[in-house]
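*Asks:* The following block contains the structure, expressed as structure tokens.
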Amino acid sequence: MAITIEDNDILRAPIGVFDSGFGGLTILRDIRQRLPQYDYLFVGDNARAPYGTRSRELVYEFTLQAVKHLFAQGCHLIILACNTASAEALRTIQQNDLPTLAPNRRVLGVVRPTVEKVGELTRTGHIGVFGTPGTIASRSYNIEIEGMYPGFKVHGHACPMWVPLVENRESEGDGADYFVKKDIDQLMNDCPDIDTVILGCTHYPLLINKINRYRPQGVNIIQQGPIVADSLADYLQRHPEIEQHCSRGGSCRYYTTEDPDHFSPLASVFVNEPVNATRIIL
Ligand code: DGL
0 MAITIEDNDI LRAPIGVFDS GFGGLTILRD IRQRLPQYDY LFVGDNARAP YGTRSRELVY
60 EFTLQAVKHL FAQGCHLIIL ACNTASAEAL RTIQQNDLPT LAPNRRVLGV VRPTVEKVGE
120 LTRTGHIGVF GTPGTIASRS YNIEIEGMYP GFKVHGHACP MWVPLVENRE SEGDGADYFV
180 KKDIDQLMND CPDIDTVILG CTHYPLLINK INRYRPQGVN IIQQGPIVAD SLADYLQRHP
240 EIEQHCSRGG SCRYYTTEDP DHFSPLASVF VNEPVNATRI IL
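Residue numbers (numbering that gives the first Met the number 0): 0 to 281.
What follows is the structure, encoded as structure tokens:
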């Protein structure tokens with residue numbers, strides 16, 4: 000039997016932010032900069048990351064577990080700050096799970112707000128997308144972009160080595176030069192008319208120095224953090240029925256499914272402040 004979460008049990012609660020691991024902290028950092036007045040609760044499923052090479056079924060199952068956990072903490076609004084989860088699980092959760100699980104609560108992703116930005120930047124209509132194998136295989140960016148801008152052409156390219164480079168703190172190393180250059184060259188060989196490239200994975204902003212070194216001149220790079228933050232601010236303004244449930248204490252709590260002694264030091268590098276995480280089991 001489906002369990003419905005009652006909406007009047009907790010009036011105000013933090014905004015939930017979920018990622019498979021560390022990467023979503025880049026989005027959280029920008030959200031907190033833009034909307035510092037709210038409380039946040041971050042969950043990183045580090046024990047089961049990366050999601051990008053997992054099956055769609057597992058990404059959905061794991062993401063739904065995290066969503067239920069955040070709802071149980073009282074969150075009325077959850078941001079899936081993970082492209083793989085947004086691409087592979089969000090639609091099913093919104094359409095199939097939310098109506099029975101928590102009809103008055105919301106789960107939002109990062110793909111749609113990113114896509115809304117594309118039209119302002121491109122002149123050629125040829126858009127490149129870098130992402131995990133899961134995100135690229137899902138074709139979520141293709142579907143969203145081609146639906147919003149008929150005539151635009153989307154060129155997806157999976158970069159399976161980029162997340163491990165970041166997680167292993169090799170984003171400034173020589174290995175990063177090799178893989179970033181190789182993937183950019185392959186994308187641009189696929190279509191030299193690409194003038195706008197989406198970094199469709201939360202880890203990729205940490206490779207921005209290398210990406211800027213190897214991107215051809217005149218090619219725009221779209222980073223998601225500030226875009227998602229602006230989009231959330233706009234959403235909260237347009238949806239007072241959700242905003243009224245978001246508590247305003249300026250705090251942030253961190254939860255991880257891995258060992259917090261492993262999570263906390265690296266997480267503090269991502270968010271630029273001390274992190275003292277707590278372990279959870281989803
Ligand atoms: N956070 C994931 C994303 O944005 C990248 C890491 C992973 O593969 O789990 O797609």
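Glycine included, each C-beta is placed from N, C-alpha and C at the ideal position.
Quick one: complete beta strand (DSSP E) runs, 3+ long, within the stretch 150-216?
*Replies:* 152-157, 195-198
*Asks:* Does the stretch 147-166 come close enough to the stretch 201-209 to have 3 or more Cβ pairs within less than 8 Å?
*Replies:* yes
*Asks:* Determine, using beta carbons only, whether serine 267 and proline 273 come nearer to each other than 7 Å.
*Replies:* Position 268 of the sequence shown holds residue 267. Position 274 of the sequence shown holds residue 273. Contact: yes.
*Asks:* Just how far apart, CA to CA, sit serine 139 and proline 132?
*Replies:* Within the sequence shown, residue 139 is the residue found at index 140, counting from 1. Within the sequence shown, residue 132 is the residue found at index 133, counting from 1. So the alpha carbons of these two residues sit roughly 12 Å apart.
*Asks:* Can you check DSSP and say which residues form a bridge with isoleucine 220?
*Replies:* Within the sequence shown, numbered from 1, the residue matching residue 220 stands at position 221. DSSP lists Val196 as partners of isoleucine 220.
*Asks:* Determine the DSSP secondary structure at arginine 278, reduced to helix, strand or coil.
*Replies:* The residue given as residue 278 occupies position 279 in the sequence shown. Arginine 278: strand per DSSP, three-state reduction.
*Asks:* Between Asn188, Glu60, Gln93, Asp229, which has its C-alpha nearest arginine 214's C-alpha?
*Replies:* In the sequence shown, the residue the question calls residue 214 occupies position 215. Minimum Cα distance to arginine 214 is reached at Asn188.
*Asks:* With a cut-off of 8 Å on the beta carbons, I'd call isoleucine 126 and isoleucine 197 a contact; round off their distance for me.
*Replies:* As a position in the sequence shown, residue 126 is number 127, starting the count at 1. As a position in the sequence shown, residue 197 is number 198, starting the count at 1. Between isoleucine 197 and isoleucine 126 the Cβ distance is about 7 Å, and since that is below 8 Å, they are a contact.
*Asks:* Does the ligand DGL have a heavy atom nearer than 6 Å to the CB of tyrosine 50?
*Replies:* For the purposes of this step, residue 50 is taken as the residue at position 51 of the sequence shown. Answer for tyrosine 50: yes, Cβ within range of the ligand DGL.
*Asks:* Cβ-heavy atom distance between cysteine 200 and the ligand DGL below 6 Å?
*Replies:* Here residue 200 refers to the residue found at position 201 of the sequence shown. Within the cutoff, so yes.
*Asks:* In terms of alpha-carbon separation, which member of Gly118, Tyr254, Arg237, Leu231 lies closest to aspartate 29?
*Replies:* As a working note, residue 29 is residue 30 in the sequence shown. With distances taken between Cα atoms, aspartate 29 lies closest to Leu231.
*Asks:* In whole angstroms, what is the alpha-carbon distance linking proline 35 and glycine 15?
*Replies:* In the sequence shown, counting from the first residue as 1, residue 35 sits at position 36. In the sequence shown, counting from the first residue as 1, residue 15 sits at position 16. Straight-line Cα distance between these residues: approximately 14 Å.
*Asks:* Mind checking which residues open and close the beta strand (DSSP E) that includes glutamate 38?
*Replies:* The residue labelled residue 38 in the question sits at position 39 within the sequence shown. Correcting the residue identity first, residue 38 is aspartate in this sequence and not glutamate. Where aspartate 38 is concerned, there is no enclosing beta strand (DSSP E), given that its DSSP letter is neither H nor E.
*Asks:* Within 10 angstroms of the Cβ of phenylalanine 269, are there 16 or more other Cβ atoms? Answer buried if so, exposed if not.
*Replies:* Taking the first residue of the sequence shown as 1, we reach residue 269 at position 270. Under this definition phenylalanine 269 is a buried residue.
*Asks:* Give me the Cα-Cα distance between glutamate 240 and arginine 90, rounded to the nearest whole angstrom.
*Replies:* As a working note, residue 240 is residue 241 in the sequence shown. As a working note, residue 90 is residue 91 in the sequence shown. Cα to Cα, glutamate 240 sits roughly 22 Å from arginine 90.
*Asks:* Compute the Euclidean distance between the alpha carbons of methionine 160 and phenylalanine 178, then round it to the nearest angstrom.
*Replies:* Numbered from 1 along the sequence shown, position 161 holds the residue referred to as residue 160. Numbered from 1 along the sequence shown, position 179 holds the residue referred to as residue 178. Cα to Cα, methionine 160 sits roughly 7 Å from phenylalanine 178.
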